[in-house]
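Residue numbers (our numbering): 480 to 755. The structure appears right after this line, and notes come after that.
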């Protein structure tokens with residue numbers, strides 16, 4: 480049974496339609512929950528579907544880019560295996576420990592580290608601002624990344640594989656977890672505060688990530704994690720803010736009025752006025 484499960488995840492990268500089905504399934508679950516237990520009642524510029532349509536364009540492009548990088552991911556993982564390079568080989572980890580090292584390592588490099596760098600390096604912030612410009616954060620916001628940012632995130636993902644020596648089955652387990660975590664943390668759902676707070680001690684909870692989408696500093700520059708909250712807590716980037724005070728968008732940018740203009744969202748990062 481275990482061998483079959485590992486084989487499934489090891490080869491999942493070769494089946495983009497299955498990966499897409501997992502993504503859509505995860506988003507659909509939280510899309511339904513948003514309608515049942517919304518955190519905020521949004522007044523969309525046009526409609527909920529129109530808002531989702533813009534974000535799904537970015538999502539599809541993001542998936543195409545990362546599918547194109549799949550061969551490099553496989554080659555890098557195979558190189559690590561052939562050369563016994565990376566934490567999982569140096570630690571002589573068993574299967575369970577290999578998965579733990581991989582998930583934690585990729586969450587750090589491809590989640591927390593790339594995210595904080597995108598906030599601190601002005602040229603990268605120009606592209607990441609597309610994600611923050613959404614004034615109605617919901618499950619569709621999760622993969623609202625400019626194509627250039629998608630490539631940058633891919634590079635840090637490579638770095639995580641190189642550092643951990645992650646085998647493909649562990650890489651795909653992480654990516655599957657990330658799909659659901661991204662949908663969960665961005666979803667416009669209302670959880671009881673005690674439950675959300677308990678979740679946030681280990682994982683990124685919806686309310687914890689909503690703080691990151693608050694339009695004002697210093698909250699925008701906090702809570703960078705993707706799956707686990709430990710990186711923010713131990714590296715000093717954790718913050719709290721009542722959901723009653725959260726307002727989405729950017730406090731210094733024209734993007735707030737153009738958050739559903741696909742053409743301008745694609746081209747604005749190349750204009751100087753978008754720099755911090």
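The C-beta atom is built at its ideal place from N, Cα and C for all residues, glycine as well. Values in this document were obtained by computation on a predicted structure and should not be read as measured data.
C-beta contact flag for residue i and residue j at 7 Å
i, j, result
"residue 518", "residue 668", "yes"
"residue 531", "residue 619", "yes"
"residue 714", "residue 698", "no"
"residue 617", "residue 513", "yes"
"residue 703", "residue 591", "yes"
"residue 739", "residue 524", "yes"
Where the alpha helix (DSSP H) containing residue i begins and where it ends
i, result
"residue 648", "647-665"
"residue 693", "No alpha helix (DSSP H) holds residue 693; DSSP gives it neither H nor E."
"residue 605", "601-611"
"residue 629", "626-643"
"residue 516", "Note, residue 516: premise wrong, no alpha helix (DSSP H); not H, not E."
"residue 577", "574-586"
Residue i in three-state terms, based on DSSP
i, result
"residue 755", "Per-residue confidence for residue 755 stands at a pLDDT of 39, beneath the threshold of 50, marking its modelled position as unreliable; the derived number appears in the next sentence. In the structure shown, residue 755 sits in coil (DSSP, three-state: anything other than H, G, I, E or B)."
"residue 668", "strand"
"residue 727", "strand"
"residue 707", "strand"
"residue 548", "coil"
"residue 622", "coil"
Neighbour-count burial assignment, residue i, 16 or more Cβ in a 10 Å radius
i, result
"residue 677", "exposed"
"residue 631", "buried"
"residue 672", "exposed"
"residue 563", "exposed"
"residue 689", "buried"
Short CB-CB distance (under 7 Å) between residue i and chain C
i, result
"residue 654", "Given the protein chain composition of this structure (a single chain), no chain C is represented."
Any non-hydrogen atom of the ligand COA closer than 6 Å to residue i Cβ
i, result
"residue 716", "In terms of ligand content, the structure shown is empty, and the ligand COA therefore cannot be addressed."
8 Å Cβ shell around residue i - same chain, five flanking residues per side excluded
i, result
"residue 499", "542"
Residues near residue i by beta carbon distance below 6 Å, same chain, minus five either side
i, result
"residue 565", "559, 643 and 644"
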